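Undergrad: Can you read through this structure? Questions will come right after.
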Amino acid sequence: MLPLALALLFLISGCGANSAKSGAGASAGAGGETAVPAAAPAASASSAYADYPNRPIEYVVPFSAGGGVDLVARTVAEGLSKEWGQPIEIVNKPGAGGATGAQYALKQASNDGYTVLADNVASTTMLQAGSAAAPVLLSDHEFAARVVTDAPVFVVAADAPWKDFREFSDWAKANPEKLTWTSVGPAGFSTFAVAEWLKAIGADFSKTRMVATKGASESLPLVAGGNAVLAVHTVNETSTLVKAGKLKVLAVLAPERSPYYPDVPTTAEQGVKDLSVSWWTGMSFPKGTPQEIVKKWADGVAKLAQDPDFVAKLKKLQVDPNVLTGQEFTDFVNKEAQYYTGLATETGIRK
């Protein structure tokens, strides 16, 4: 009997030790000494977004319908909606140079991944560079992907007297007080392009006058109708009125001529060098949006850029895909912001 009792006692003690050991192991894991407990929530988090999207997505465009940001966003929305099987609804919220829509998407809407902001250079780097009290900063964004880039072009009314950009630049330098130009705001895309150009030719930017608009769809008809002298917009935004004979393109601001305006010389070809303002559009999310969702959009855009049908639709808009995602996109935006902050400070844009 004694051997049997000792055996039973040993067995019970062993079980208790094993139970205590299991409990200690669980506590250690909670304290970070093992990866198992930490991995479990991560796996749960990943699985929580496996079915994203499972309802309609709001895609906020901070400019008016019909402009470059709007048209590219609609093309992206169509492609990803088809891929994911959920509606992606464009909502235009123009105003304050893109700040109105950006504030809504980044600061008022939820960060659950169902509100996306269609970004461009004006509503991100230029917005921050143009004001010491900008309502939206780069740090408010979770950048997902840049979709396209496009070249700015200088356009005037079709019957304007200047035959080329060199002649127009000479006139602007001699008559800055007569130069009116359109922009979505004091720190808008066109503002930076005009300021950089006038700085390069030695003209007084402060004597010129901005005509405020809500975007290209409003701006370009004003110039065509003689209500402003100059507009600086992208190739894709200007093409309709140029083809209709209502606008004249004086120069393309790019290292090389645009394939869509092959007969129009660049600014550098016409003696105005070292201009670097450029246009792009992409998308971002509010801070705190799950990284799985941000990455899904980035991967989705990268996949679309390889789709011949998607590329063909962009070409109809006279733009081409030029995708950046993840850290590359974030680094690009930060570097661009540094340049534009310097330009804004030097030319008096920054307030």
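Residue numbers (mature numbering (1 follows the signal peptide of the UniProt record, and there is no 0)): -20 to -1, 1 to 331.
Note that the Cβ used here is the ideal one computed from N, Cα and C, for glycine as well.
From a predicted model like this one, the values you see are computed outputs, not experimental measurements.
1) Going by DSSP, what residues sit across from Ile70 in a beta bridge?
2) Where in the region 198 to 233 do unbroken runs of the beta strand (DSSP E), each at least 3 residues long, occur, reported from the N-terminal end onward?
3) Could I get the ranges of all uninterrupted beta strand (DSSP E) runs contained in the region 47 to 112, with 3 residues as the minimum, in chain order?
4) Would you call Asn100 buried or exposed, if buried means 16 or more other Cβ atoms sit within 10 Å of its Cβ?
5) Look up Ser163 in the DSSP assignment and give the residues it is bridged to.
6) Along the alpha helix (DSSP H) that carries Arg146, what are the first and last residues, could you check?
7) Short of 6 Å in beta carbon distance, which residues of its chain neighbour Leu284, apart from the five on each side in sequence? Order them along the chain.
8) In this structure, what does DSSP give as the bridge partners for Pro132?
9) Could you say which of Ala76, Pro301 and Leu304 lies nearest to Ser163 if we only look at CA atoms?
10) Quick one, which of Glu272, Ala211 and Thr129 has its alpha-carbon nearest Val299's?
11) Determine the DSSP secondary structure at Val16, reduced to helix, strand or coil.
12) Span of the alpha helix (DSSP H) holding Val313?
13) Within a Cβ cutoff of 6 Å, which residues of the same chain sit near Asp279, ignoring the five residues on either side of it in sequence?
14) Closest to Ala224 by CA distance: which of Ala85, Asn314 and Ala137 is it?
15) Would you mind working out which of Leu233, Leu227 and Lys267 sits nearest Phe123, comparing C-alpha positions?
16) Would Leu118 and Val281 qualify as a contact pair, given that the criterion is a beta-carbon distance under 8 Å?
17) Using the three-state DSSP reduction, which class does Val274 fall into: helix, strand or coil?
TA: For this structure:
1) According to DSSP, Ile70 bridges with Tyr39.
2) Entirely contained in the region 198 to 233, the beta strand (DSSP E) runs reaching 3 residues are, in chain order, 211 to 214 and 227 to 232.
3) Runs found: 68 to 72 and 95 to 100.
4) Only buried fits Asn100, as 16 or more other CB atoms lie within 10 angstroms of its CB.
5) Answer is Ala192, bridged to Ser163.
6) Segment Phe145 to Ala154, the alpha helix (DSSP H) holding Arg146.
7) Non-local C-beta neighbours of Leu284 in its own chain, meaning closer than 6 Å and more than five positions away in sequence, comprise Gly59 and Phe290, ordered along the chain.
8) As a beta-bridge residue in DSSP terms, Pro132 pairs with Thr214.
9) Per the Cα distances, Ala76.
10) Ranked by Cα distance from Val299, the options Glu272, Ala211 and Thr129 are led by Thr129.
11) For Val16, the pLDDT reaches just 26, beneath the cut-off of 50, and the residue's location in the model is therefore unreliable, leaving the point undetermined.
12) Residues Gly306 to Thr327.
13) For Asp279, where only same-chain residues beyond five positions count, there are no Cβ hits under 6 Å.
14) Minimum Cα distance to Ala224 is reached at Ala137.
15) Checked all of Leu233, Leu227 and Lys267; the closest Cα to Phe123 is Lys267.
16) No, they are not a contact pair.
17) In this structure, Val274 counts as helix in the three-state DSSP scheme.
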